[in-house]
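Okay, structure first, notes after.
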Amino acid sequence: MSARTVPAVPGDAGAVPDRPGTGDGARPRAVVVGGGIAGLASAALLAREGYEVDLLEQNDELGGRAGSWESGGFRFDTGPSWYLMPEVFDHFFELLGTSAAEQLDLSVLDPGYRVFFEDGSAPLDIRADRAANIATFESVETGAGRRLEAYLASARQAYDLAVRRFLYTTFASPRSLLHRDVLVRAPRLAELLLRPLGSFVAARFQDPRLRQVLGYPAVFLGSSPDRAPSMYHLMSHMDIADAVRYPQGGFTRLIEVVAALAVREGARLHTGATVTAILTGAVPERVARRRGLSAAARRAGVRAGARGVRYRTADGAEHTVRAEVVVAAADLHHVETQLLPEPLRTYPQRWWDRRTSGPGAVLLYLGVRGSLPELPHHSLFFTTDWQSNFDAIFGRSPRVPEPASSYVCKPSQTDPTVAPPGTENVFVLVPVPADVTLGRGGVDGAGDPAVERIADAAIDQIAAWADIGDLRERVVVRRTVGPADFAAELNAWSGGVLGPAHTLRQSAFLRGSNASRRVAGLYYAGSSTIPGIGLPMCLISAEIMLKRLRHDHSTEPLAVPL
Numbered sequence: 001m002s003a004r005t006v007p008a009v010p011g012d013a014g015a016v017p018d019r020p021g022t023g024d025g026a027r028p029r030a031v032v033v034g035g036g037i038a039g040l041a042s043a044a045l046l047a048r049e050g051y052e053v054d055l056l057e058q059n060d061e062l063g064g065r066a067g068s069w070e071s072g073g074f075r076f077d078t079g080p081s082w083y084l085m086p087e088v089f090d091h092f093f094e095l096l097g098t099s100a101a102e103q104l105d106l107s108v109l110d111p112g113y114r115v116f117f118e119d120g121s122a123p124l125d126i127r128a129d130r131a132a133n134i135a136t137f138e139s140v141e142t143g144a145g146r147r148l149e150a151y152l153a154s155a156r157q158a159y160d161l162a163v164r165r166f167l168y169t170t171f172a173s174p175r176s177l178l179h180r181d182v183l184v185r186a187p188r189l190a191e192l193l194l195r196p197l198g199s200f201v202a203a204r205f206q207d208p209r210l211r212q213v214l215g216y217p218a219v220f221l222g223s224s225p226d227r228a229p230s231m232y233h234l235m236s237h238m239d240i241a242d243a244v245r246y247p248q249g250g251f252t253r254l255i256e257v258v259a260a261l262a263v264r265e266g267a268r269l270h271t272g273a274t275v276t277a278i279l280t281g282a283v284p285e286r287v288a289r290r291r292g293l294s295a296a297a298r299r300a301g302v303r304a305g306a307r308g309v310r311y312r313t314a315d316g317a318e319h320t321v322r323a324e325v326v327v328a329a330a331d332l333h334h335v336e337t338q339l340l341p342e343p344l345r346t347y348p349q350r351w352w353d354r355r356t357s358g359p360g361a362v363l364l365y366l367g368v369r370g371s372l373p374e375l376p377h378h379s380l381f382f383t384t385d386w387q388s389n390f391d392a393i394f395g396r397s398p399r400v401p402e403p404a405s406s407y408v409c410k411p412s413q414t415d416p417t418v419a420p421p422g423t424e425n426v427f428v429l430v431p432v433p434a435d436v437t438l439g440r441g442g443v444d445g446a447g448d449p450a451v452e453r454i455a456d457a458a459i460d461q462i463a464a465w466a467d468i469g470d471l472r473e474r475v476v477v478r479r480t481v482g483p484a485d486f487a488a489e490l491n492a493w494s495g496g497v498l499g500p501a502h503t504l505r506q507s508a509f510l511r512g513s514n515a516s517r518r519v520a521g522l523y524y525a526g527s528s529t530i531p532g533i534g535l536p537m538c539l540i541s542a543e544i545m546l547k548r549l550r551h552d553h554s555t556e557p558l559a560v561p562l
């Protein structure tokens with residue numbers, strides 16, 4: 001999203017006024033690092049809470065992974081493309097005194113998505129209607145409809161419990177989880193956490209196509225069905241039972257709306273401002289008292305207090321912003337290993353060396369001449385031996401899967417503003433290892449060879465499986481993106497497309513804290529921290545950052561409005 005459509009302060013601002021903002025009677029000052037959805041949401045909530053807020057984004061556009069690119073009359077969302085968990089968006093907007101209905105024009109997609117299979121069997125449509133999906137499962141496997149009903153009931157129960165107890169908590173106090181509804185379900189929760197999603201699904205469904213449909217949500221979590229805990233079967237409630245939606249104008253529109261709300265609340269948004277260091281100093285006693293830092297807590301690990309950030313503008317000039325609260329909504333690996341000195345790192349490199357990245361990706365943005373009735377808004381292309389796909393991506397010797405499963409989005413099915421008349425807008429994502437050596441993409445085939453080979457194979461696969469024989473010849477706009485682009489433009493750990501994978505060791509309180517244990521006043525938001533990957537999770541991460549700042553150990557969403 002360009003600065004022309006969002007009231008952001010240009011990067012040459014040099015120029016963030018260095019007001020103290022922490023004196024007697026003055027508003028406390030906060031600086032947010034990163035202008036993706038989590039950073040923008042954090043800026044909006046902090047400003048509404050009464051903070052004087054500056055947000056610094058290194059790129060010339062806001063949005064982070066949720067950016068946009070325009071060429072030849074086509075406008076492409078460059079990242080997120082699924083609108084799930086609508087109640088999370090509703091709640092976020094309500095915190096700011098508005099609603100999703102007021103801010104966005106949402107369309108329900110039907111089908112929600114179509115699944116193509118390598119073996120040539122008929123594609124499966126997942127509809128906006130729960131009963132229709134139950135009937136589809138029954139048509140594929142006798143008895144599967146009844147079992148899907150039970151599966152979705154379990155998914156709904158797990159989803160409701162997660163929203164009520166696990167997603168909106170900071171995990172700062174174990175007592176916050178000692179609720180009766182958690183304790184009585186402890187044996188069931190233990191099973192769901194310790195059993196892989198793939199095994200959980202396989203025990204209920206025999207047809208491999210149905211297993212793939214129910215196992216695919218693991219990919220949304222940067223993981224695989226054999227690595228993600230079966231607790232995440234809750235995600236089937238979102239797409240099979242609750243329908244898939246799309247905001248008219250694309251996810252660019254969502255970014256514009258959240259940015260505008262942040263500005264309305266008083267936050268200042270600066271693009272072209274690359275943060276080079278988080279500034280720290282001794283923790284004054286008055287600040288320690290305000291933050292609830294006991295002497296014992298300080299002895300246990302807190303070594304400094306946040307003082308603001310240093311940043312560089314496009315002309316090479318260095319500037320500082322003084323603040324007593326710093327919210328790092330950028331990639332957490334980059335924040336910890338590049339913006340803090342080693343003694344102040346909660347998550348040093350050795351911590352990351354024991355963690356698993358989500359997948360990398362090769363992305364394609366294609367403008368296609370003519371219509372593509374074979375493709376709905378969302379399509380999934382599953383290989384027969386998709387376990388080998390996951391082993392190739394996450395195994396001990398990572399490699400690009402051949403053939404690879406892929407995801408295709410055609411937003412022009414729903415939104416006429418994203419493509420010129422008589423054409424289609426097509427976005428393709430091919431999961432690959434998070435490996436920057438695969439290289440960068442480019443325009444019209446100018447990317448690194450490995451990236452372009454993967455892109456060519458994906459186009460040919462879509463053409464063959466969806467019976468669009470002349471697809472390659474009809475491409476009039478083409479751009480590719482590779483893992484090295486994510487590393488260079490978003491500081492993404494290992495060039496990953498999503499963030500740390502949601503494995504058992506990287507879920508809930510094991511994912512990592514949203515506050516530094518070494519620097520008082522330094523907080524984290526975004527997909528690298530709790531609760532995890534995805535636009536809804538990033539919005540929640542901003543809210544629980546605020547809860548951490550308030551010393552709020554509750555598990556429920558905050559009361560609305562703030």
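Under the UniProt record's numbering, the first residue of the sequence shown is numbered 1, with each subsequent residue one higher.
Backbone N, C-alpha and C fix where the C-beta goes; we use that ideal spot for every residue, glycine too.
- Here the alpha carbon of Glu-452 sits roughly 18 Å from the alpha carbon of Ala-488.
- Look at Arg-453 here: in three-state DSSP terms it is helix.
- At least 8 Å separates the beta-carbon of Ala-419 from that of Ala-267.
- With the rule of 3 Cβ pairs closer than 8 Å, the segment 363-370 does not count as touching the segment 95-108.
- As computed with DSSP, Cys-538 is found in no beta bridge at all.
- In the DSSP assignment, Asp-125 falls within the unbroken beta strand (DSSP E) covering 124-126.
- DSSP, read as helix, strand or coil, puts Phe-427 in strand.
- Counted as a single uninterrupted DSSP element, the alpha helix (DSSP H) harbouring Tyr-151 occupies residues 144-161.
- Relative to Tyr-151, the option among Gln-387, Ser-230 and Val-219 whose CA is nearest is Ser-230.
- Non-local C-beta neighbours of Ala-135 in its own chain, meaning closer than 7 Å and more than five positions away in sequence, comprise Gly-145, ordered along the chain.
- In chain order, Val-88, Leu-167, Tyr-168 and Pro-531 place their CB closer than 7 Å to the CB of Ile-540, counting only its own chain and leaving out the 5 sequence neighbours on each side.
- Beyond the five residues adjoining it in sequence on each side, Val-430 comes within less than 6 Å, by CB distance, of Val-362, Ala-404, Ser-406, Ile-454 and Ala-458 in the same chain, given in chain order.
- In the DSSP annotation of this structure, the continuous segment of the beta strand (DSSP E) that includes Ala-328 starts and ends at 325-328.
- Around the beta-carbon of Leu-254, 16 or more other beta-carbon atoms lie within 10 Å, marking it buried.
- When beta bridges are read from the DSSP output, Pro-229 appears opposite Pro-196.
- The segment 111-131 makes contact with the segment 212-219, as at least three CB pairs between them are under 8 Å.
- When secondary structure is reduced to three states using DSSP, Ile-468 falls in the coil class, being assigned neither helix nor strand.
- Judged by DSSP secondary structure, Glu-87 falls outside any beta strand (DSSP E) and instead within the alpha helix (DSSP H) spanning 86-95.
- Under the rule that a run must span 4 or more residues, the alpha helix (DSSP H) segments found entirely inside the segment 97-136 read 100-103.
- The Cβ neighbour count for Gln-349, taken over all protein chains shown within 10 Å, is under 16; the residue is labelled exposed.
- No Cβ-Cβ contact shorter than 8 Å links Phe-200 with Glu-141.
- The beta-bridge partner set that DSSP reports for Phe-381 consists of Phe-116 and Ser-406.
- Look at the segment 207-252 and you find these whole runs of beta strand (DSSP E), each 3 residues long or longer: 244-247.
- Secondary structure note for Arg-478: its beta strand (DSSP E) is the uninterrupted segment 475-481.
- The Cβ atoms of Pro-557 and His-91 sit closer than 8 Å to each other.
- Shown here for Ala-392: same chain residues with a beta carbon closer than 6 Å to its own, the five before and five after excluded, namely Arg-399 and Pro-401 in chain order.
- Per DSSP, Leu-56 lies in no alpha helix (DSSP H); the unbroken beta strand (DSSP E) holding it starts and ends at 52-56.
- Residue pairing of Ser-71 in beta bridges, as defined by DSSP: Phe-74.
- Secondary-structure assignment with DSSP links Pro-500 through a beta bridge to Ser-357.
- Within the same chain, Cβ atoms closer than 6 Å to the Cβ of Leu-46 are found at Ala-30 and Val-53, the five residues on either side in sequence being excluded.
- In the three-state reduction of the DSSP assignment, Arg-188 falls in the helix class.
- Residue range 37-49 is occupied by the alpha helix (DSSP H) that includes Ala-38, with no beta strand (DSSP E) assigned at that position.
- The alpha-carbon separation between Pro-247 and Pro-416 amounts to approximately 12 Å.
- For the pair Asp-105 and Arg-479, the Cα-to-Cα distance works out to about 28 Å.
- For His-270 and Val-335, the gap between their C-alpha atoms comes out near 18 Å.
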